[in-house]
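Undergrad: Under this note's numbering, the very last position in the sequence shown is 269; numbers go up by exactly one each time. C-beta atoms are modelled at their ideal positions from N, C-alpha and C, and glycine is treated no differently. First, the structure itself, so that you have it in front of you.
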Amino acid sequence: MRRPLQMALLLLSGVGLLRIALFTDLYLRYVKEGMRPLLIASGVLLILLAVADLVSSLRRRRHDEQTDPGDDSHGHDHGHGHGHHHSSVPRPAWLLFLPALSLLLYAPPALGAYTASREPAKTVPQRDTFDPLPTTSPLPITLTDFTSRVQQDRTRAIQDRTVQMTGFATSAERKDSWYLTRITISCCAADAQSVKVRIHGVPAPAANTWVTVTGTWRPDGTLGTNSAAVALDARAVQKVAKPVNSYKDALPWAPSR
């Protein structure tokens, strides 16, 4: 790769990382919140490398200009060396500019219904004990906690309780239901997993629409065991604003008006 192209790529990548990590929340589409300092450090490092490469190139050029041009043997060797150094850039190398430019011009959206519809729901961690549920009604609850209560809580505390959950809509293989979905990550979008609750009783919103669903567990299977369906008989669905950090299985918030 030619040095000017290499420097430009380093500079664009560094500036792009700093843009999404310092001045926007776009980095949350790709990594966890705790990785922000690492992104900032990486952006600064890439810019410093580009500057160092530029300084090195200027010094080398100044040295070449100070070389005696009357020395035929040196001129022959130098010309040959320059010809090799400025060889054509492999075509695949130009593709490296695309991710760098995307950080500056167009940041790809966070993962959503397309990804969730093509993978099974993740297995929630096994729990042996559960705290008593608050008496609040409707009860705000995460999709992960609801799944655990339905399939692992032997006290069946979730039975007949009106609950409220927030997520985005994902189409299901059956036309009489759809999924309320959350995508969670451990480190970055590459390890994303989905948590799903099947929704019955109300029409499906458009895919990727963020909603808060109110309803009760749909009796199907034995509550407190793996045979229990992770499903809800919905009474109400209200559209809400998409959260800044969509990779958290968080509690519901106030619906948008």
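Taking the alpha-carbon positions, what's the E131 to I195 distance?
TA: Roughly 11 Å between the two C-alpha positions.
Undergrad: What's the C-alpha gap between L116 and A218?
TA: Roughly 30 Å separates the two Cα atoms.
Undergrad: Is the separation between the beta-carbon of Q138 and that of W229 shorter than 8 Å?
TA: Cβ atoms of Q138 and W229: not closer than 8 Å.
Undergrad: CB-CB under 6 Å to V249, same chain, minus the five flanking residues each way: which ones, in chain order?
TA: So the qualifying residues of the chain are V214, V223, V225.
Undergrad: Could you check which residue in A125, T234, R173 has the C-alpha nearest to that of A184?
TA: Among A125, T234, R173, the Cα nearest to that of A184 is on A125.
Undergrad: Pick helix, strand or coil for A218, following the three-state DSSP scheme.
TA: Correct three-state label for A218: coil.
Undergrad: Taking a contact to mean a Cβ-Cβ separation below 8 Å, would you say G227 touches A246 in this structure?
TA: Yes, the Cβ-Cβ distance between G227 and A246 is below 8 Å.
Undergrad: Look at the Cβ atom of V209, then the Cβ atom of L155, and state whether they are nearer than 8 Å.
TA: For V209 and L155, yes; Cβs fall inside 8 Å.
Undergrad: How long is the line joining the alpha carbons of S99 and L60, rounded to whole angstroms?
TA: Because S99 carries a pLDDT of 49, less than 50, the predicted location of this residue cannot be relied on, and no value is offered for it.
Undergrad: So the candidates are P152, T127, P231, T167; which of them puts its Cα closest to the Cα of P144?
TA: Per the Cα distances, T167.
Undergrad: Classify Y126 as helix, strand or coil using the three-state DSSP reduction.
TA: In this structure, Y126 counts as helix in the three-state DSSP scheme.
Undergrad: Considering T196, what are the terminal residues of the beta strand (DSSP E) in which it resides?
TA: Element bounds for T196: 189-196.
Undergrad: Among the candidates T182, A262, V67, whose CA atom is the shortest distance from the CA of T127?
TA: It is T182.
Undergrad: Based on Cα-Cα distance, which residue from F180, M177, K44, G28 lies nearest to S114?
TA: Of F180, M177, K44, G28, the residue nearest in Cα terms is G28.
Undergrad: Kindly indicate which residue of Q164, G179, P150, D188 has the alpha-carbon position closest to the one of R173.
TA: The candidate whose alpha carbon is nearest that of R173 is P150.
Undergrad: Can you tell which of A20, L192, T135, M47 has the C-alpha that lies nearest to the C-alpha of L244?
TA: Comparing Cα positions, the closest option is L192.
Undergrad: I need the DSSP call for P270, collapsed to helix, strand or coil.
TA: There is no way to answer for residue 270, as the model of the chain reaches only from 13 to 269.
Undergrad: Could you spell out where the beta strand (DSSP E) holding D245 opens and where it closes?
TA: Segment 243-251, the beta strand (DSSP E) holding D245.
Undergrad: Quick check on the DSSP output: the beta strand (DSSP E) that includes M177 runs from which residue to which?
TA: First-last of the beta strand (DSSP E) with M177: 175-183.
Undergrad: Taking A3 as the reference, give the member of H212, L263, L40, L21 with the closest Cα.
TA: Look at the range of the chain in this structure, 13 to 269, and you will see that residue 3 is not part of it.
Undergrad: Assuming K134 and S206 form a contact by the criterion Cβ under 8 Å, report the distance between their Cβ atoms to the nearest whole angstrom.
TA: K134 to S206, Cβ: 6 Å. Contact.
Undergrad: Could you tell me if Q176 is buried or exposed, where buried requires 16 or more neighbouring beta carbons within 10 angstroms of its beta carbon?
TA: Per the 10 Å Cβ criterion, buried.
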